[in-house]
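Residue numbers (my numbering): 141 to 443.
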Amino acid sequence: MASDYNTPPDSAPLGFMQRLSPTVAYLNPGHVPQSSSDPEMILMLSWMGARDEHIAKYIAQYRALFPTSRILLIRCPLSRVWLPWIARRDMRPALPILRSLAENGKDAEKEGASQWPRILVQVFSNGGISTAVHLKHMLTARPRGGLETLPRYVLVFDSCPGYFRWRNTHRALLQTLPWWTSPFVHCAIAVACIYHALRRLPAAQNQNARAIRAPRLASRECRRTYLYGTGDDMVYYRDVEDNARKAEEAGFVVRLERFEGARHVAMARAEPERYWRALRDAWDGDRHSSFAEENLIELDPEA
C-alpha cells in the first residue's frame, strides 16, 4: 500500500512533524476512531547520530502500518550521550504527552476494562536505550511520578541492548565522527572507563541494559520483542540474547527475532517484510494480525 504521507522531496525529511525541542518531534494525525486497533501512540527512540532522512523512512512505515497512531520521536545526537543533563532538558516536552496518555487510561485500568497496551515503543541501538532509561527516570521521579505514570506499553528493541565492549563502542562512536578522531575516541573511552572504575560503577551500557529489564517495570509492560542481527559489529548479538534471557527470568514476556547476517540497525533493509511483520506481531500479541505485504512501502537502501 502506498503511503499517503510521503514528504515532498524539497522539504525537510521531518518537516511534517511538530518540533518540540532540538531532539523531540511530535505528529498527531487528527481524529482517531474509537474502534481502531492501532497504538494510541508510537514512541520512537532513535539510534545515536541517526540522520533525519533515515528516521523519516521508519516513520513513513509506521504511518502506513498504523495510520491512526500519534508518533512521538526522541532523537539521540552524540552530544546528548556525553552530556546527559542536556539530553534530559531536551526530553522535557515529551513528558506531558506521555503523562496525559497514562492519566487518560487510569480509570479504565482500575475497573479492569482495559489491559491492552496503549503505546508501542521502539528502541534503536544503545543510543535509544540510553534515551529510554533517562525517560523512565524522568517519568517516575517523585513527587509527581511513580510507575502509574508509565502508560501500558509494548517494547520492541532493534539492535540492542548491548554491553560495553571497547572495540564495538569505538566503532559506534566513529559512525558519527571523522576517521581522524579515532585516537581521541580511544582516549575518551579510556577516561570513561577510569571514571567508572574509580566510582566502582559498571559501564554505562551495562547499567542501562540492567535498568531496562528492572523487574518492577513488568507491571506496565505487556511484552517485548528483540530484533537483532548476527552480523552486527556494534552490538554483539549474544549480548542481546543474554539480556532477553535475563528479562524473561525477571518476569517479562519475551520474544526473539534473529536475522542471520543482518548488520546494525539494518534489518528493515535486509528483510523488510519479515521485519515489519515482526513489529506488527509484537503489537498485536494474541490478537489477529492484519499485516499484509502490501502494507509495506519501499525503504531507501541507505536507510
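In this text, a Cβ means the ideal position worked out from N, Cα and C, and glycines have one as well.
Note that the coordinates shown come from a computational prediction; the quantities given were computed from them, not determined experimentally.
Remark: fewer than three beta-carbon pairs, one from each stretch, lie closer than 8 Å, so the region 292-306 and the region 208-220 are not flagged as touching. For F324, the enclosing alpha helix (DSSP H) begins and ends at S322 to L338. Distance check between E180 and each of G371, P169 and W187 places P169 closest, using alpha-carbon atoms only. Boundaries of the beta strand (DSSP E) harbouring M188: M181 to M188, taken from the DSSP string. Of the candidates A349, L235, W222 and N244, the residue whose Cα lies closest to the Cα of F264 is A349. Considering only D230, R258 and P233, the residue with the shortest C-alpha distance to A242 is R258.
Between S186 and V221, the gap from beta carbon to beta carbon reaches 8 Å or more. Here C216 is buried, its C-beta having at least 16 other C-beta atoms within 10 Å. Pairwise C-beta distances place the region 229-243 out of contact with the region 198-208, as fewer than three of them are shorter than 8 Å.
Counting the other Cβ atoms within 10 Å of the Cβ of A422 gives 16 or more, which makes it buried. Residue environment for E389: exposed (fewer than 16 other C-beta atoms within 10 angstroms of its C-beta).
DSSP places R420 within a helical segment (H, G or I) once states are collapsed to three.
Taking N266 as the centre and dropping the five residues before and after it, the same chain places the C-beta of C300, G302 and Q345 closer than 6 Å to its C-beta, in chain order. Judged by pairs of C-beta atoms under 8 Å, the region 351-361 touches the region 375-392, as three or more such pairs exist. Classified as exposed, L223 has fewer than 16 neighbouring CB atoms from the shown chains inside 10 Å of its CB. Residue state for Y166 is assigned as strand, using DSSP reduced to three classes. Within the model, the alpha-carbon separation for M407 versus A418 is close to 11 Å.
Cβ neighbours of M231 within its own chain (closer than 8 Å, five residues either side excluded): S161, T163, V164, I214, T271, H274, L275 and M278. If you ignore the 5 residues before and after E193, its C-beta comes within less than 6 Å of the C-beta of P153, all in its own chain and listed in chain order.
Residue pairing for F264: DSSP places it in a beta bridge opposite D298. Put simply, the backbone Cα of M188 is about 6 Å away from that of L218. Here L183 is buried, its C-beta having at least 16 other C-beta atoms within 10 Å.
Look at T370 here: in three-state DSSP terms it is coil, with no helix or strand label.
Apart from sequence neighbours up to five positions away, the residues of its chain that approach I199 with a beta-carbon distance below 8 Å are L154, M157, L167, M184, I211 and L213, ordered along the chain. The Cβ atoms of Y366 and L317 do not sit closer than 8 Å to each other. Around the beta carbon of Y368, a 10 Å sphere encloses 16 or more other beta carbons of the protein chains shown; the residue is thus reported as buried.
Assignment of beta-bridge partners to I211 by DSSP yields L167 and I182. Cβ neighbours of E361 within its own chain (closer than 7 Å, five residues either side excluded): Y293, L295 and F392. The residue among I334, D373, R364 and R414 with its C-alpha nearest the C-alpha of R311 is D373.
Taking 8 Å as the upper bound for CB-CB distance, F399 and E411 are in contact here, some 6 Å apart.
Looking at the DSSP output, Q158 bridges to Y166. E389 sits in a helix when the DSSP states are folded into three classes.
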